[in-house]
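Protein chains in written order, with my numbering: chain H, 13 to 643; chain L, 24 to 350. Notes follow the structure.
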């Protein structure tokens, strides 16, 4: 017996004239079903493709309970609904379709199939339809333990249909003539009146699975599901629906999502709700004696009120009272957490923040910098929709002089993004590029958000024993493994420049880069990176920059350090790893000759990756200091 | 129609609960789930302890490797057809129902299904061998009413990815051919996959995607020292080539070529990913091993199913290794 049969409309819509229905045999979910329809060939092809390339892939990668309620919104002639009903005989399927001609085809399809677990309802969800008195499934269930789900469904639907509403809908030619609420679309398509369903009906039905194809009313439907226990949501989104509306309100609800929006896919798997990670962003702020700047930094991070973004301030043993200042000033801010620790350097503070984070995404901000208020919300939203390992914003450097006047120095990234934003997600404009591009240029790790599982998987962190270049190794490893990365336009990170920027001082800390690069080359060896040239090129850039900034007495040692290091690389990976042209780019006079001379001295030794474990007193600042003490 | 699914578990933890549920929640309910606890960790064992379903047979062994665990599971299967699922992958809810339906229409000893590849992020994709399935479908359509003959079907089946989750095997076939996984070795599927196809007297290719393989970032990555397991691919492909050379189907040039493409793809893939300090040893072993194989495997017919257009490059790859170091 049918779990529910829609009563005829009080004022039946006219039956479509003329053309009779065609039959399409459709294969999906291990079933072959017949659909009766009057669609154009292109639309038929699209529906078949959606079934095979969206819905079959989604359902094949989920564990569905043996029974439940599936609501197919925008069912058309029953393409998804019927195949689903055939494959899942113990589920109940409610197909909802606004358009009269399609609804009639749907009824025909369902009737001819002989399946009992599928019913149809004519109507379109409309934001202006009101849902005052619809009883809610969960409360009916509580009151009537003995009731079958189908009885409750009937109760809800009958109650609702007792007060039918009508609304204006408009056909969208670009979307196969689908109907959208006339209020939501501007266009000159003919307006037709159809039964209007309030989004609240979806709340009342609380289906286990929703297939969404509802242009013009997507956000309202997402909001209607926000508090339900709906466990599976799939379909196509025509517009950008804020991800926060689609994620369930109750973190206990394990909702799996697969919604396609253009090239993007908002996807949430079972394991994303296993409890390990809160779906959100933690911004780690490593703070050491930043009393003058920390307020501006944290205010900018908290400015946009996004509850999914939390700020973890790691006080790395500040001695200027920054910790107390933060504790006092943000006492009532539940989105900010202060994590005091003994001083250990910037890398240790970032690692500590990460260890305390339970979020799916993470960012690392410096305590003296600021951000545009919408920066991290935009990055997080795009990261969710695209699944990218890394999403970054723009940045500029700024300087505040003694009078308090601020000067901004925009960064030239034209080479990377000369074509500008090619893609959009709602208001967010972005472009994609390979993360490998990050090998060149100075590290700018702070303007990015990272998937936490990505960093964990590749064991990318900040080495704590170094006091410089820790974010370089971080950036190089991210560049190697990040894959496709998104760059968001129009949202910037503000990088503060001080008159005496630490690494510019030209001290021995430059020598940490040898240690860091060895780390990277060891990874390259173990993981068999197919191309070493980007890293070698990054190394040469660093040599050039460091060497130029050093005082003369250190330059001599640095030159010898570089010669030994480069000779080691050639001995480990083969002479092809270095090119003369590249060495000359280093700005170290005669480098190519010096390296070759060193290699000639090593000519009798076999080439091999063991060489990567060589060491030299010139490759670590601590060794250099000890050497200084020897003399 | 009863199905037995063999699942081995080791360190899948909470993920195993989903994999198990994906078998138990099949819409076709006549089934047995044989779970082999291959020295599982505490988290995984906690999942096993909560299981109630009478259709589950739970076996235990000290950690002895995937092949050994699957072989143990095989000995306890009571179903008419047997399939495999790793403890962190999923079986589509309709998988058994589709196979049962297909068998009702036409019996077969071996059925291959398509799959889903769930990357760590972004869109879900079809499994790597979808193009083999599509081209087989196109060739069958061209053949019209009669469809593909057994020789052609076997060639296309061999062109599918050697993956344990993509096949359903009649119990009789397993017994007759004494099929099992190569103990002591990883990369076990290539041998099992090829021998199943060679020894089957009838093969079906089905249309639905019926399993999902997850590439995860949640689980630790095999790096560094563990790249030693890549040497195993040489061992299993060598034995596979040696065994297959003795089978009459080896005369089927398309089938033989498809097997070679699959094996060489894997050998090359491993060579490209092994830690650089092990590369010399890998190449030496590869050359020594390929030298023991009938050279007809490295002359690949242009008629071979080659949906990824790899025939020539892989043939050159094998031949270059075999000729290396000679005048």
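We treat Cβ as the ideally placed atom computed from N, Cα and C, and that holds for glycine. A quick note: this is a predicted structure, and the numbers were derived from the prediction, not measured.
- Message: Quick check: the Cα distance between residue 245(H) and residue 137(H), rounded to an integer number of angstroms?
- Response: 17 Å
- Rounded to whole angstroms, what's the CA-CA distance from residue 195(H) to residue 85(H)? Just pull it up for me. 19 Å
- Message: If you reduce the DSSP assignment to three classes, tell me which class residue 600(H) lands in.
- Response: coil
- Message: What does the alpha-carbon distance come out to for the pair residue 276(L) and residue 34(L)?
- Response: 41 Å
- Task: Quick one: list the residues of chain L neighbouring residue 78(H), beta-carbon separation under 7 Å, in chain order.
- Result: 48
- Query: At what residues does the beta strand (DSSP E) containing residue 498(H) begin and finish?
  - Reply: It spans 496–508 - the beta strand (DSSP E) in which residue 498(H) sits, taken as one unbroken run.
- Item | Reduced DSSP category for residue 240(L) - H, G, I as helix; E, B as strand; rest coil | Three-state DSSP puts residue 240(L) in coil, outside helix and strand.
- Item | Amino acids of chain L, ordered along the chain, whose beta-carbon sits closer than 7 Å to that of residue 621(H) | 299, 300
- Taking only beta carbons into account, state which residues of the segment 261–288 of chain L come closer than 9 Å to chain H, listed in chain order. Result list empty, no residue passes.
- Item | chain L within 7 Å of residue 75(H), Cβ atoms only | yes
- Using the Cα positions of residue 274(L) and residue 324(L), report the straight-line distance between them to the nearest angstrom. 12 Å
- Task: Would you please state the rounded distance, in angstroms, between the beta carbons of residue 234(L) and residue 141(L)? I believe it to be under 8 Å.
- Result: Beta-carbon to beta-carbon, residue 234(L) and residue 141(L) are separated by about 11 Å, too far to satisfy the 8 Å threshold.
- Message: Quick check on DSSP: helix, strand or coil for residue 193(H)?
- Response: strand
- Query: Do the CB positions of residue 269(H) and residue 216(H) come within less than 7 Å of each other?
  - Reply: no
- Query: So what's residue 440(H) in DSSP terms, helix, strand or just coil?
  - Reply: Note: residue 440(H) maps to strand in three-state DSSP.
- At a Cβ threshold of 7 Å, is residue 129(L) touching chain H? no
- Message: Using only the alpha-carbon positions, how far apart do residue 668(H) and residue 373(H) sit?
- Response: Chain H is shown from 13 up to 643; residue 668(H) falls before or after that span and cannot be answered.
- Task: For the alpha helix (DSSP H) containing residue 178(H), list its first residue and its last residue.
- Result: Not the alpha helix (DSSP H): residue 178(H) falls in the beta strand (DSSP E), residues 178–184.
- Does the beta-carbon of residue 175(L) have 16 or more other beta-carbons within 10 angstroms, so that it is buried, or is it exposed? buried
- Please list the residues of the segment 30–45 of chain L that have a C-beta atom closer than 7 Å to any C-beta atom in chain H, keeping them in chain order. 37, 38, 41, 44, 45
- With DSSP as the reference, label residue 247(L) as helix, strand or coil. Confidence in residue 247(L) is poor, its pLDDT being 39 and thus under 50, which makes the residue's placement unreliable; the coordinate value appears in the next sentence. In this structure, DSSP gives residue 247(L) a helical state, which the three-state scheme calls helix.
- Query: Does residue 63(L) come within less than 7 Å of chain H when only Cβ atoms are used?
  - Reply: No, no contact with chain H.
- Per-residue burial, residue 638(H) [other beta carbons within 10 Å of its own, 16 or more giving buried]: exposed
- Query: Using a Cβ cut-off of 9 Å, which residues of the segment 396–408 of chain H contact any Cβ in chain L, in chain order?
  - Reply: The residues in question are 398, 399, 400, 401.
- Sheet register partners of residue 383(H) (DSSP bridge): Answer is 505(H), bridged to residue 383(H).
- So is residue 77(L) buried or exposed if we call it buried at 16+ other beta carbons inside 10 Å? exposed
- Mind listing which residues of the segment 95–114 of chain H have their C-beta closer than 7 Å to chain L's C-betas, in chain order? Considering only beta carbons, the part of the segment 95–114 of chain H lying closer than 7 Å to chain L consists of 99, 100, 101, in chain order.
- Please report the Cβ distance between residue 118(H) and residue 81(H), rounded to the nearest whole angstrom; I am assuming they are in contact, meaning their Cβ atoms lie under 8 Å. Contact between residue 118(H) and residue 81(H) does not hold, since the beta-carbon distance rounds to 18 Å and is not under 8 Å.
- Query: Taking the continuous alpha helix (DSSP H) assigned at residue 635(H), which residues delimit it?
  - Reply: 633–642
- Query: Are residue 321(L) and residue 342(L) close, meaning C-beta to C-beta below 7 Å?
  - Reply: yes
- Check whether the Cβ of residue 26(L) lies closer than 7 Å to any Cβ atom in chain H. no
- Check the Cβ of residue 312(L) against every Cβ in chain H and list those closer than 7 Å, keeping chain order. Per Cβ cutoff of 7 Å: no residues; residue 312(L) is ~20 Å from chain H at best.
- Item | Neighbouring residues, chain L, relative to residue 278(H) (Cβ below 9 Å) | In chain order: nothing, as chain L lies at least about 10 Å away.
- Query: Is the distance from the Cβ of residue 474(H) to the Cβ of residue 318(H) below 7 Å?
  - Reply: no
- Whether residue 187(L) touches residue 107(L) by CB criterion (7 Å): The criterion of a C-beta distance shorter than 7 Å is satisfied by residue 187(L) and residue 107(L).
- Tell me residue 132(H)'s beta-bridge partners as DSSP assigns them. 107(H)
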